[in-house]
Structure formats: C-alpha cells, structure tokens
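To keep things clear, I will list the structure first and then write my remarks on it.
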Amino acid sequence: MFCIGIDIVGLVTFPKLSLLVIYNRIFIEQYQRITTFILMGILLAWTIGGSVAGALMCRPLEHFWNKDIPGHCVDIKALYSYSGIPNIFVDFVMLVLPVPTLWKLQASREVKTGLFITLATGSIGFVTAIIRTTVFLRHDPNVDITWVSSTLLIWTIIEPGCYVLASSLLCLRPLIKSSIGKLLLFYKNRRASLHTLVTPLGWSRKSFDMPSPEIKVPLVGQIDDVVAYPLSIYHGRNMNKHRTQYDDEQSMVISQHGL
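Okay, so the sequence shown: first residue is 81 according to this note's numbering, each after it adds one.
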C-alpha cells in the first residue's frame with residue numbers, strides 16, 4: 081500500500097503523455113494544441129505532487145506499517161481517494177478533445193468509424209479511474225490494511241494497464257487490420273478447399289461431376305486422318321471389359337476405311 085501512492089502516478093502519467101504527444105502532432109487548431117500543453121502541465125504537476133505526498137505521508141516512514149513506532153501520518157484515505165480526481169478530469173478532456181477534428185475529417189465513413197472506436201477504447205482507462213476512486217472512497221485502508229489492500233491493489237493494477245493499452249491502440253491499428261484481413265483470406269481459402277475434398281476411394285469430388293469422354297467417329301472422306309480415342313479411366317474389374325470394347329470399335333473403323 082505504501083508503494084501505491086508513489087508508483088501509481090508514474091504508471092498513469094507516462095502513457096497519457098505519449099497520447100498527448102501524438103495529439104500535438106495531429107491537431108492543427110490552436111486551441112487544441114494549447115489544451116494539449118495545459119494537460120501535459122497538469123499531469124507533470126500531479127505526478128510530482130503525488131510522488132512527494134506519497135513518499136512523505138508518514139513521519140517516520142516505518143510508522144505506516146508499524147504503528148508501534150511513534151509517529152504520525154496524513155489522512156491516507158483522503159490522499160488515495162481524492163488524488164484520482166485530477167486524473168479523471170484529464171481523462172475526460174483527452175476523450176473529448178479529438179472529437180471536433182474527427183468530425184471534420186475528410187474521410188470515408190468506415191475510416192471515421194474505425195478512428196472513433198479506437199479513441200473510444202481509450203475511455204476504458206477513464207472508467208477504471210472512476211472505479212478505482214470509488215473503491216478507495218468506500219474502503220478505509222487504516223482499518224485492516226491486509227484485508228482491504230487486496231481489492232485496492234486489483235484496481236490499482238488494472239488502471240495503468242488500461243492506459244498502456246489505450247496509448248498503444250493507435251500504433252496497433254494497422255497490425256490489427258492486417259491480421260483480420262489475413263484471417264478472412266484464410267477462412268475464404270479454407271471454404272474453397274472444401275469443394276475438392278478427397279473421398280475414401282481416392283477420387284476428388286470434382287471428378288464425379290466431370291462428364292465421361294465421348295468416342296468420336298471420323299466423318300466420311302477423312303481417311304488420312306489419324307484417329308485417336310481417349311481412354312476413360314475405370315476403377316476395379318470393369319477396366320478389361322471397356323478396354324476390349326475400345327479395341328473392337330477401333331478395328332471396325334479401320335476396316336471401314338480400308339486401312
């Protein structure tokens with residue numbers, strides 16, 4: 081619990097700063113760029129103040145986990161609870177700030193929808209920040225720190241993870257789009273391959289749909305033509321029967337033309 085007050089500010093601030101740097105490169109409106117720099121300043125001030133307050137909340141520091149040592153601490157519940165309010169305010173402004181730019185963007189509806197979804201996913205961090213602040217307001221770590229800290233630590237770990245995910249989505253969007261395209265292509269090819277499945281006899285399904293070859297008889301006057309007849313492939317014991325029939329037909333044609 082002692083490390084929460086020091087670590088949480090850095091874990092939350094740096095992913096947001098990376099997003100604000102991206103905002104500063106994208107936005108061209110002056111009010112948006114000024115707002116971006118103001119948010120950066122608020123985050124840096126909140127990080128420095130939260131780290132110093134977390135490191136000096138008890139004098140001596142050992143009094144935080146060992147009450148037998150004489151000393152005093154600030155209101156730990158108020159420090160952990162209300163320190164998240166500036167964080168929630170920054171999240172809300174960062175969520176609303178890109179909306180006018182996306183609304184005026186000259187792009188297709190699909191591109192706009194994809195960008196809105198990508199930025200809306202960043203609201204997960206905004207929601208987790210509200211939940212974490214609510215959990216800290218409902219639980220008092222001074223009562224039973226061993227029992228209460230499990231719930232508090234869960235949301236303290238989830239919140240920075242959501243910010244890291246939200247800050248990475250803009251870079252991961254091309255990768256996700258490419259992966260989905262390859263997955264759809266694989267599924268399409270797999271469905272096409274179902275039409276050529278091999279049967280237990282070793283014949284493909286397409287071979288059953290192919291018409292049997294026809295025997296062509298040469299026209300009268302085409303005596304000098306070389307007549308060739310395609311052999312049909314038969315399976316099992318009928319092979320010799322059809323081969324004999326083919327030889328008889330060939331002999332009849334040759335005798336008719338005097339060859």
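Here a beta-carbon is modelled for each residue, glycine too, at the ideal position from N, C-alpha and C. As the structure is a computational prediction, the values presented were derived from the model and not from experiment.
Skipping 5 residues on each side, what residues in its chain have a beta carbon closer than 8 angstroms to that of residue 90?
Counting only Cβ-Cβ distances below 8 angstroms, and skipping sequence neighbours, we find 127 and 131.
Looking at C-alpha atoms only, which residue of 230, 236, 116 and 122 is the closest neighbour of residue 210?
236
Applying the criterion that 16 or more other CB atoms from any shown protein chain within 10 Å of the CB defines a buried residue, is residue 96 buried or exposed?
buried
Rounding to the nearest angstrom, what Cα-Cα distance links residue 175 and residue 151 in this structure?
43 angstroms
Cβ-Cβ distance between residue 246 and residue 201 below 8 angstroms:
Against a cut-off of 8 angstroms, the Cβ pair of residue 201 and residue 246 comes out as a contact.
Using a Cβ distance threshold of 8 angstroms, determine whether the segment 190–207 contacts the segment 162–176, with at least three qualifying pairs required.
yes
Hey, how far is the Cα of residue 183 from the Cα of residue 250?
18 angstroms
Whole angstroms are fine: how far does the CA of residue 261 sit from the CA of residue 100?
Rounded to the nearest angstrom, the two C-alpha atoms are 30 angstroms apart.
Going by DSSP, what residue range makes up the alpha helix (DSSP H) through residue 167?
165–176
For residue 119, collect the residues of the same chain with a Cβ closer than 7 angstroms to its Cβ; drop the 5 residues on either side in sequence, then sort them by chain order.
100, 170, 173 and 174
Would residue 161 and residue 217 be called neighbours here (beta carbons separated by less than 8 angstroms)?
yes
Which value, in whole angstroms, describes the spacing of the CA atoms of residue 291 and residue 259?
Unreliable placement is indicated for residue 291, whose pLDDT of 49 sits below 50; no coordinate value is reported for it.
With burial defined as no fewer than 16 other Cβ atoms inside 10 Å of the residue's Cβ, what is the status of residue 167: buried or exposed?
buried
Using the three-state DSSP reduction, which class does residue 138 fall into: helix, strand or coil?
Of the three classes helix, strand and coil, the one that applies to residue 138 here is strand, per DSSP.
Which listed residue (145, 238 and 270) has its alpha carbon closest to that of residue 213
Comparing Cα positions, the closest option is 238.
Is the separation between the beta-carbon of residue 215 and that of residue 231 shorter than 8 angstroms?
yes
Going by DSSP in three states, residue 153 sits in which element: helix, strand or coil?
strand
Closest by C-alpha distance to residue 137, when choosing among 125, 252, 244 and 154
Comparing Cα positions, the closest option is 154.
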